[in-house]
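For reference, the structure is listed below as C-alpha cells.
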Ligand code: LLP
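In the working numbering, the protein residues as written are 38 to 460.
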C-alpha cells in the first residue's frame with residue numbers, strides 16, 4: 038500500500054503538488070515524451086556529488102569502477118570531479134581514452150588481460166595495473182622486454198573473506214577466479230616476484246571482496262586478513278576495491294561513502310597500516326542517480342493467479358532481476374507519492390517467461406495502458422549489462438541538470454542492428 042520511499046530517488050528529485058516527478062528540474066513525463074521509452078534518466082548533480090564525496094572521503098587516487106556505467110560523458114564527468122577511473126577491459130580503456138581522460142588517471146583491471154590489452158595499457162601509460170595472475174606477470178615482462186616502459190603495479194590479493202552478498206557477487210572467497218590467494222603463500226610469491234622484477238614497479242596491494250556489500254565489517258575483516266602481507270610487502274598503497282551496497286527497495290539502507298571510508302581507514306589504523314588507502318566504488322556512485330522510464334503496453338489479469346503488466350523494455354535493459362533475483366520498486370511519475378495498492382508482476386517484451394523487471398511490484402490501482410512507469414535505482418549495471426536480445430534497441434541515456442536534458446547516448450537504431458553484418 039505504501040507510496041514509493043523518497044530515499045530511493047536521486048538527490049534532485051522533486052514532486053509537484055499534483056504528484057508529478059521532476060529530476061534535475063526536468064519533468065519525467067516530458068522527458069519520456071521527448072526522448073521516447075525506455076529511457077535512462079541520470080541526475081547529473083547526484084553523480085557529481087557522489088564523486089566529490091568519494092574524493093573527499095578517500096583522497097586523490099580513489100577510482101570509479103566504470104563497469105557500473107560508462108559512456109563518454111560519464112568518463113568526462115568522473116574525471117572532472119577528480120576521481121580516477123578503473124577500467125577492466127580494452128573496451129573500457131578505449132572509452133576512457135576516447136573521452137580524453139589522461140592515461141595516468143586510469144587503473145587497469147581484469148583477471149585475464151590479453152597481451153593486446155596489456156600492450157594498449159602500457160603504450161597509453163596507465164597509472165596502475167592491478168596484476169591478477171602469474172601469466173600476467175609473464176606477459177608484462179615480455180612486453181617490457183620488447184621495449185615498453187615498465188608499469189606501476191598493484192598485486193591483487195584474494196583475502197579469503199566471505200562478503201555478505203549474492204554468491205555471484207562475491208569475489209574474495211577461497212574458491213574464486215580472482216587474484217592471488219592469501220592462503221598457501223601464493224600472494225607472497227607474487228609479491229616477491231613483482232618486487233624483484235625490473236619490468237614493473239610494485240606500489241602495493243589490492244583486494245576486492247565483492248559487490249552490493251551492506252556490512253562494512255566485511256571490509257574490516259579483509260583488512261585484518263591482509264595486514265601481515267601489507268607490512269611484509271612494505272606496500273605504499275592499499276586498494277580495498279569497491280563493493281559498497283545501495284538500497285534498491287523499501288526497507289533497505291546502506292552506509293554512506295563517508296561512513297565506509299571511515300570504517301576502512303580506522304581498520305587500517307588499528308592494523309598499523311600506513312599505506313595510502315585507495316578504493317574503487319562503482320555502484321554507490323551511479324545506482325541511485327538514475328531511473329528507467331518505460332511505457333506500459335499491456336495489462337493482463339489472470340483470474341486467481343496474478344496480473345501481468347508488460348513494459349516496452351525488459352531483460353535487455355535490466356538483466357539484474359533475471360541474473361541475481363534482484364528486487365526493484367516501481368511507481369508512476371504522474372502520481373509519484375500515490376498509494377500503491379495493487380500487486381502486479383512487471384515484465385518486459387522479450388520472448389521468455391523469465392523476462393521479469395519486478396517480480397512482485399506494488400503499483401497504484403489506477404494504472405492504465407499507456408502510462409509511463411518508472412523503476413528507480415537503475416543507474417548501475419543496467420545500461421552496461423544491456424543487450425540486443427530479440428533485436429530490441431538499446432535505450433538512450435539523458436543527463437538532467439538545472440532544467441536541461443542532455444542526450445549522452447542516443448537510442449540504438451534498426452540500422453545499427455545490421456551494421457556489423459557482412460553480406
Ligand atoms: N573493483 C573491482 C575489481 C570489481 O570487480 C568491481 C565490481 C568494482 C571495483 C566495483 O564494485 P561496486 O562498487 O560497483 O560494487 N553485475 C553485478 C555487479 C558485479 C560487480 C563486478 N565487480 C550487479 O549487477 O550487481
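Glycine is no exception: its CB is placed at the ideal position from the N, C-alpha and C atoms.
No experiment lies behind these values; they were computed from the predicted model shown.
Need the endpoints of the beta strand (DSSP E) that residue 34 sits in, please. With the chain covering 38 to 460 only, the question about residue 34 has no answer from this structure.
For residue 95, which beta-bridge partners are listed by DSSP? DSSP output for residue 95 lists no bridge partner at all.
Suppose you measure from the CA of residue 91 to the CA of residue 296; what does that come to, to the nearest Å? 11 Å
Could you tell me which of 422, 306, 374 and 372 sits nearest to residue 357, measuring between CA atoms? 422
Considering just the uninterrupted stretch of the beta strand (DSSP E) at residue 121, what are its terminal residues? 121-124
Terminal residues of the beta strand (DSSP E) in which residue 238 lies: 238-243
Should residue 284 and residue 290 be called a contact, given that it needs their Cβ atoms to be closer than 9 Å? yes
Can you give the Cα-Cα distance for residue 136 and residue 123, rounded to whole angstroms? 14 Å
Quick check: what's the CA-CA separation for residue 322 versus residue 87? 5 Å
How is the beta strand (DSSP E) around residue 132 delimited, first residue to last? Where residue 132 is concerned, there is no enclosing beta strand (DSSP E), although the alpha helix (DSSP H) it sits in stretches over 127-135.
By a C-beta neighbour count over all protein chains shown, 10 Å radius and 16 as the cutoff for buried, is residue 366 buried or exposed? buried
Assuming residue 415 and residue 355 form a contact by the criterion Cβ under 8 Å, report the distance between their Cβ atoms to the nearest whole angstrom. 6 Å
Through-space distance from residue 177 to residue 215, alpha-carbon basis: 18 Å
Shorter than 8 Å, the distance from the beta carbon of residue 329 to the closest heavy atom of the ligand LLP, or not? no
So, for residue 211: in the same chain, excluding its five sequence neighbours on each side, which residues have a beta-carbon less than 8 Å away from its beta-carbon? 195, 197, 218 and 220
DSSP three-state label for residue 108, please. coil
Residue 320 and residue 105 look like a contact to me (Cβ under 8 Å); what is the Cβ gap, rounded to whole Å? 5 Å
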